[in-house]
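Protein sequence lines correspond, in order, to chains A and B. Count along the first sequence from 1, add 45, and you get the number used in my numbering. Count along the second sequence from 1, add 105, and you get the number used in my numbering. The beta carbon of each residue, even a glycine, is placed where N, CA and C say it ideally should be. As the structure is a prediction and not an experimental result, all values here were calculated from the model.
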Amino acid sequence: MRRAALHALLSHWRRHPLQLFAFLAGLALATGLWSGVQAINAEARASYDAAAATLGEGQFDQILPRAGDSIAQSDYVALRRAGWRVSPVIEGRYQDVRLLGLDPLSSPGRFDFGQVTARGNIGTFMGPGQLFATAETAARLDTDAQVIVSTDAAPNVAVGDIGVVQRLLGRSDLSRLMVLPEQPLGRPPLDQIAPHLRVQPSIQTADVGELTDSFHLNLTAFGLLSFAVGLFIVHSTIGLAFEQRRGLVRSLRALGIPLRQMIVLLAGEILLLASVGAALGIVLGYVVAAVLLPDVAVTLRGLYGAEVSGSLRFRSEWWASGLAIAIIGSAIAASGQLWQIAHMPILASARPRAWFMASQRSASWQAACAGLLALGALGLALFGQGLIASFTLLGCFLIAAALALPLLIRPITGWAETGARGPVSAWFWADTRQQLPGLSLALMALLLAVSANIGVSTMVSSFRLTFVAFLDQRLAAELYLRLDDPAQAEVIAPVLAAHTDEILPLLRADAQVAGLPTELLGVRVGRTYRDNWVFLDSTAEAWDAVAEGRAVITNEQFARRADLWVGDVVTLDVTALPIAAVVGDYGNPRGQVILGEALFQTLRPQALPQSFGLRSDDPARLRATLRAAGIPDSAMIDQAALKSFSLQVFERTFTVTAALNVLTLAVAGFAMLMSLLTLADQRLPQLAPVWALGLTRRQLGRLELARAGLFALLVSVIAVPVGLGLAWVLLAKVNVDAFGWRLPMFLFPGSYALLGLAAIGAAVLAALWPALRLMRTPPARLLQVFAHER
Amino acid sequence: MNVKALFLFLMLPVAAWAQGFAGLGTDADGFAVPQPGTTFDFPADHGPHPDYRIEWWYLTANLTGPDGTPYGLQWTLFRSALAPGERPGWQSPQVWFAHAAVTTPDTHYATERFARGGVGTAGVQADPFRAWIDEWALEGPNFDSLHMTAAGPAFRYDMTLDAQGPLVFHGDAGFSVKSEEGQASYYYSQPFYRIAGTLHLPDGPIKVTGTAWLDREWSSQPLSGRQAGWDWFSLSFDSGAKLMGFQLRNRDGSSGYSSGTWIAPDGVTESLPNGAFSAEPLATHSVAGRDVPTRWQVTVPHRGTDVTVTALNRDAWMDLSIPYWEGPVSVTGTHQGRGYLEMTGYE
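Below is the structure:
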């Protein structure tokens, strides 16, 4: 009996393959986008972790040569014999792989070569030679050393014992020394032992993960929104499948299937289908991630210098979350239907009411929900603090907008109907309104997709504009010069004076200001700063006050953390100075206080400038002159090159954003297609009389297309304020909570129009097949409507 | 795997000794094995023996400050070979590590170093004698007259040592058996150093004087598989006599193999056979989450010796890559005196 019942239930899908397809494809698309984005994020994060763990970069102070890039091994031994606890590192290119040689005995970092213990012999690591690398890197290495594939290795890096790497590189020197955190008493200063070496302090604050978080946040927002869109599809297909089987369920129950068994069978069926859909989605997600990851990797490398592996691994953190979220989503969608079946009287009439016909009561319920959520969002926007509040705000706002959509469209169609002229037009509007409930879920999906695209592209474009402006401001000088040795500055001072229009020395020192670790910057106030720096807020004549040492400028991070703004007073050591201006700073997470050069030198007389911005009409000639004066090319940075590189990186970001735009629109278009196909059959009784009154099938088909386009247009128009609201939350709330700065929002009407066109295109495309089917409906079928009058 | 685990792994021979990993103390693949009847060759034997798996230069000292406060001091250099023999540069299979500690009645400072052989950061040469790792050194014109330094983040010391008596050979003329199965090491000591110098502690420098005891030992197969750890005593009595004794504890809790050397004031020795030396815990103290005996009854019946050995500072726990207890002790009972106690393998 149970078997027969299961057979009967499953036969529904056999008779409606399109519904089966919609269910599986919807779930697969939703899971695919979600898990694809999660996969990219997981891969990138794993790469940062591996890099931090393997290279120890940024965690420890390092000893580097003052000139060149080589440290003699005898210097290493001399330092250790003098009491400096240091660990040697050698680095070089070998077959285009970054080879890193370490001494596992003295190294301070954590080296997760799980395999060393697993395979049992550190002697093999130190002796004949092993290299640890990712599978991707290992495949590219051709060497006599044994290459061991390690899942913990950093991308494009092979790590080996210092002796092994020296041998492979054919060198006998070292590249740098890591300084261990614990040092013994009585250690002599570095310049007594090796004056040609210098200590470079660790950069604790500029953690790569922190910087790249904003990028991942964009991706995650995309993933979540696409999943929401996908769930709309799943919800509607499950609802349809249950409604259409009410009769069947009644018959089976009448035949004696116990209610409990019925529920179990239906739940099992949904679970099975959800698992299949989710599995397909995970495969799809893998494909999406594999296609996008190289672009993401290039973006992250360029934007933040973070090395990310270009190859993807099947990590449980993303596929398991994809699977779980798909099954939970389906369960939620099915639970309402199962509840209804559980509470339906056995022999209740199985009248074929359309599953979608929203009663007046459900419409007002929907309105109430939308209102409540909107109120919640407003409250959070006004009083919410922290990332969780911001994300909740995001959720409330989007769901409220989606729920309110049919309520917004209905009066518009009603209003159009009153203004309609002629019977066809009047019928068109009335019919449009009639269809609204059936299409509303698909339209909500489209709204979410379009507004997500508007929101995210507004954010990315605003970020780009702000960042480019910031680069212009911060990289105003044509050439940047970085000197390791302050003494060099004195040597080239005459050359600089003769060949540059303006010299901008940059002084740096660390300090505690208002109880916060802060970077002090000393600047020579001149034309460049006055012309280029844009303040978020400032007093009149801010630069004059700074130049005269009467005031300071702070960056936004400092202002927000210390809650000190223009007009407030900061105390540097014992000097109290007012803040004359606050400047936006998108290049680093640290708080900064900017002072005039003279004041800086009074406060920190021992700090000497090592960085210079140089203004020149002919940077190429200046560069040549400096090279002739003995400055290595690597110490000079060309502003134009730096900027064009940054812009290239943004182009990559746009590639990723555009690809995700297309995918979400495709998902929404698919939802629309499925809804229209479902409606098409049920609408025959409504279309047949119109056809009988004289409208041709072709005309009817065109009207269908026009209606889809019209809906998409309405949705796109409504999506603009929703998308801008989304962008505002991302820029003004999420960003501030996550990174301490607020990005100004710019509007891009042109791209919104393009997005609207794309949405209309997707909707019309989705309507094309149902319309064609309608145009080709045999007249006999239309006639049958009258014969089979219910 | 973290660094500590890596080190532990690397130090398996020692770890086996200290913590008793089954089966690891017993095999000696490719390494030379101590043989009875070998005669020592000095000064060469003060230097390293790279064909043996493990070796140490182990110095402990009982010190007194100007106000009579007792202090303890440790300086130990270990050599652990990944493979027998020596090769130049980074190819060297010799790994060096060292422990240094200062114990006051209230505080115990301990620190450690690791270094590769072959490149010059650590090593030992026999003549003129020089043992070093980083800036730590134990060097002299010769083995009888040494200068010793070590430093950690919170302490530093600088000492001179002068031998007042001859070298002392344990077991059968320096062949010291460690189990009934016959595991053995080469083992000799210089227990007659007079020591003086300065301890630099967080509260300032302290001039100290006292006595020191240097152990030299090398082997390839230190422990039997069923032994869990050991308790080692070096006691200097006010009478001028000295006692070295150790007992190896079995995993099953039964009292294991013991051995010792009675050293007369003139350096004449009597080797104590298995069972002649015994040590029974009188009180334990909880340190680093383990119960460690810090008061012992030590007896050598046929020498009429029955003494209570009490730790100067019960918290002298060496919280290093290989953790163990090591600290100065005072001796009361049939004999009065001072000494050092080392306990390994307490879980």
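message: Taking 8 Å as the threshold (beta carbon to beta carbon), is LEU214 (chain A) in contact with chain B?
response: In the first sequence, counting from the first residue as 1, residue 214 (chain A) sits at position 169. No - not a single Cβ of chain B is within 8 Å of the one on LEU214 (chain A).
query: Tell me which same chain residues have a C-beta within less than 6 Å of the C-beta of ALA487 (chain A), skipping the five on either side of it?
result: To locate residue 487 (chain A), count along the first sequence from 1; it is residue 442. These residues qualify, in order along the chain: ALA716, MET717 and SER720.
- request: With DSSP collapsed to three states, give me the class of PHE473 (chain A).
  value: In the first sequence, the residue the question calls residue 473 (chain A) occupies position 428. Note: PHE473 (chain A) maps to helix in three-state DSSP.
Inter-residue Cα distance where the pair is ALA393 (chain B) and PRO406 (chain B): Taking the second sequence and counting its residues from 1, one reaches residue 393 (chain B) at position 288. Taking the second sequence and counting its residues from 1, one reaches residue 406 (chain B) at position 301. For ALA393 (chain B) and PRO406 (chain B), the distance between alpha carbons rounds to 34 Å.
query: Would ILE226 (chain B) count as contacting chain A if we go by Cβ distances under 8 Å?
result: Within the second sequence, the letter at position 121 stands for residue 226 (chain B). Per the sequence shown, the amino acid found at residue 226 (chain B) is Thr instead of Ile. Yes, contact with chain A.
query: Helix, strand or coil: how does DSSP classify VAL570 (chain A) here?
result: The count along the first sequence starts at 1 and reaches residue 570 (chain A) at position 525. If DSSP states are grouped into helix, strand and coil, VAL570 (chain A) belongs with coil.
message: For a cutoff of 8 Å on Cβ pairs, would you count GLN179 (chain B) as touching chain D?
response: In the structure shown, chain D cannot be found, because the protein chains are A and B.
message: For chain B, check one thing: does any of its Cβ atoms lie closer than 8 Å to the Cβ of LEU316 (chain A)?
response: The sequence position of residue 316 (chain A) within the first sequence is 271, counting from 1. No, no contact with chain B.
message: Given this structure, state the Cα-to-Cα distance separating GLY450 (chain B) from ALA333 (chain B), to the nearest angstrom.
response: In the second sequence, counting from the first residue as 1, residue 450 (chain B) sits at position 345. In the second sequence, counting from the first residue as 1, residue 333 (chain B) sits at position 228. Each residue's Cα considered, the two are about 6 Å apart.
- prompt: Given a threshold of 16 other Cβ atoms within 10 Å of its Cβ, counted over all protein chains shown, does TRP384 (chain A) qualify as buried or as exposed?
  reply: Position 339 of the first sequence holds residue 384 (chain A). With fewer than 16 Cβ atoms within 10 Å of its Cβ, TRP384 (chain A) is classed as exposed.
- prompt: Can a CB atom of chain B be found closer than 8 Å to the CB of GLN228 (chain A)?
  reply: Position 183 of the first sequence, counting from 1, holds the residue named residue 228 (chain A). Interface residue, yes.
- prompt: Is the number of C-beta pairs between the region 267-275 of chain B and the region 216-224 of chain B that are closer than 8 Å three or more?
  reply: no
message: By the three-class DSSP mapping on this structure, what secondary structure does PHE297 (chain B) have?
response: Mapped onto the second sequence, residue 297 (chain B) falls at position 192. Correct three-state label for PHE297 (chain B): strand.
query: Starting from ALA757 (chain A) and walking both ways along the alpha helix (DSSP H), at which residues does that stretch end?
result: Locating residue 757 (chain A) in the first sequence gives position 712, counting from the first residue. ALA757 (chain A) -> alpha helix (DSSP H) spans 742-773.
task: Could you check if ASP150 (chain B) is buried or exposed, using at least 16 other CB atoms within 10 Å of its CB as the buried criterion?
output: Along the second sequence, one-based indexing puts residue 150 (chain B) at 45. Buried: at least 16 other Cβ atoms inside 10 Å.
- prompt: Considering only residues of the same chain and omitting the five flanking positions on each side of HIS390 (chain B), which have a CB-CB separation below 7 Å?
  reply: Taking the first residue of the second sequence as 1, we reach residue 390 (chain B) at position 285. Hits under 7 Å: VAL397, THR399 and ARG419.
field: Beta-carbon contacts of GLN411 (chain A) that lie in its chain and below 6 Å, excluding the five residues immediately before and after
entry: As a working note, residue 411 (chain A) is residue 366 in the first sequence. LEU448, listed in sequence order.
Terminal residues of the beta strand (DSSP E) in which PRO550 (chain A) lies: As a first step, residue 550 (chain A) is located in the first sequence; it is residue number 505 there, counting from the start. 547-558 is the span of the beta strand (DSSP E), which, as asked, contains PRO550 (chain A).
Member of B:GLY287, B:ARG261 and B:ASN247 whose CA lies at the smallest distance from the CA of PRO141 (chain B): As a first step, residue 141 (chain B) is located in the second sequence; it is residue number 36 there, counting from the start. When only C-alpha atoms are compared, the closest one is B:GLY287.
task: Can you grab the Cα-Cα spacing for the pair PHE508 (chain A) / PRO240 (chain A), in whole Å?
output: For the purposes of this step, residue 508 (chain A) is identified with residue 463 of the first sequence, where counting begins at 1. For the purposes of this step, residue 240 (chain A) is identified with residue 195 of the first sequence, where counting begins at 1. The straight-line gap from Cα to Cα measures roughly 44 Å.
query: Three or more beta-carbon pairs under 8 Å between the region 439-450 of chain B and the region 333-345 of chain B, yes or no?
result: yes
Rounded separation between VAL142 (chain A) and VAL202 (chain A) - CA only: Here the question's residue 142 (chain A) lines up with position 97 in the first sequence. Here the question's residue 202 (chain A) lines up with position 157 in the first sequence. Looking at the two C-alpha atoms, the distance is approximately 6 Å.
- prompt: Rounded to a whole number of angstroms, what is the C-alpha to C-alpha distance between GLN651 (chain A) and HIS213 (chain B)?
  reply: The residue labelled residue 651 (chain A) in the question sits at position 606 within the first sequence. The residue labelled residue 213 (chain B) in the question sits at position 108 within the second sequence. Whole-angstrom Cα-Cα distance: 39 Å.
task: Tell me SER56 (chain A)'s beta-bridge partners as DSSP assigns them.
output: Taking the first sequence and counting its residues from 1, the one referred to as residue 56 (chain A) is at position 11. According to DSSP, SER56 (chain A) bridges with nothing at all.
Endpoints, the alpha helix (DSSP H) within which THR670 (chain A) is located: For the purposes of this step, residue 670 (chain A) is identified with residue 625 of the first sequence, where counting begins at 1. Run containing THR670 (chain A): 664-673, per the alpha helix (DSSP H) assignment.
task: Would you decide whether ALA832 (chain A) is buried or exposed? Buried here means 16 or more other CB atoms lie within 10 Å of its CB.
output: By 1-based counting over the first sequence, the position of residue 832 (chain A) is 787. Burial call: exposed.
query: Which class does GLY641 (chain A) belong to by DSSP, given the choice of helix, strand or coil?
result: In the first sequence, the residue the question calls residue 641 (chain A) occupies position 596. Of the three classes helix, strand and coil, the one that applies to GLY641 (chain A) here is strand, per DSSP.
query: Taking buried to mean at least 16 other C-beta atoms within 10 Å of its own C-beta, is PRO664 (chain A) buried or exposed?
result: Position 619 of the first sequence holds residue 664 (chain A). Buried.
- prompt: In terms of alpha-carbon separation, which member of A:GLN237, A:PHE428 and A:PRO149 lies closest to ALA127 (chain A)?
  reply: Within the first sequence, the letter at position 82 stands for residue 127 (chain A). Ranking the options by Cα distance to ALA127 (chain A), first place goes to A:GLN237.
query: Residues of chain B with a CB under 9 Å from the CB of LEU186 (chain A): which are they?
result: Reading the first sequence from its first residue, position 141 is the one you call residue 186 (chain A). In chain order: nothing, as chain B lies at least about 20 Å away.
message: By the 9 Å beta-carbon criterion, what residues does the region 356-367 of chain B contribute toward chain A?
response: none
- prompt: What residues in its chain sit with their C-beta under 7 Å from that of ALA704 (chain A), if we drop five residues either side in the sequence?
  reply: Start at 1 with the first residue of the first sequence, and residue 704 (chain A) comes out as number 659. Only LEU337 meet the Cβ criterion.
- request: Check each candidate in A:LEU819, A:TRP736, A:LYS778 and A:VAL779 and name the one with the smallest Cα separation from LEU828 (chain A).
  value: For the purposes of this step, residue 828 (chain A) is identified with residue 783 of the first sequence, where counting begins at 1. With distances taken between Cα atoms, LEU828 (chain A) lies closest to A:TRP736.
Runs of alpha helix (DSSP H) lying entirely within the region 595-632 of chain A, each at least 4 residues, in chain order: 601-607
task: Could you name the residues of the same chain whose beta carbon sits closer than 8 Å to that of GLU837 (chain A), not counting the 5 residues immediately before and after it, in chain order?
output: Coverage of chain A is limited to positions 46 through 835, which leaves residue 837 (chain A) absent and any answer about it impossible.
field: Boundaries (first-last residue) of the beta strand (DSSP E) holding GLY444 (chain B)
entry: To locate residue 444 (chain B), count along the second sequence from 1; it is residue 339. Note, GLY444 (chain B): beta strand (DSSP E), 442-448.
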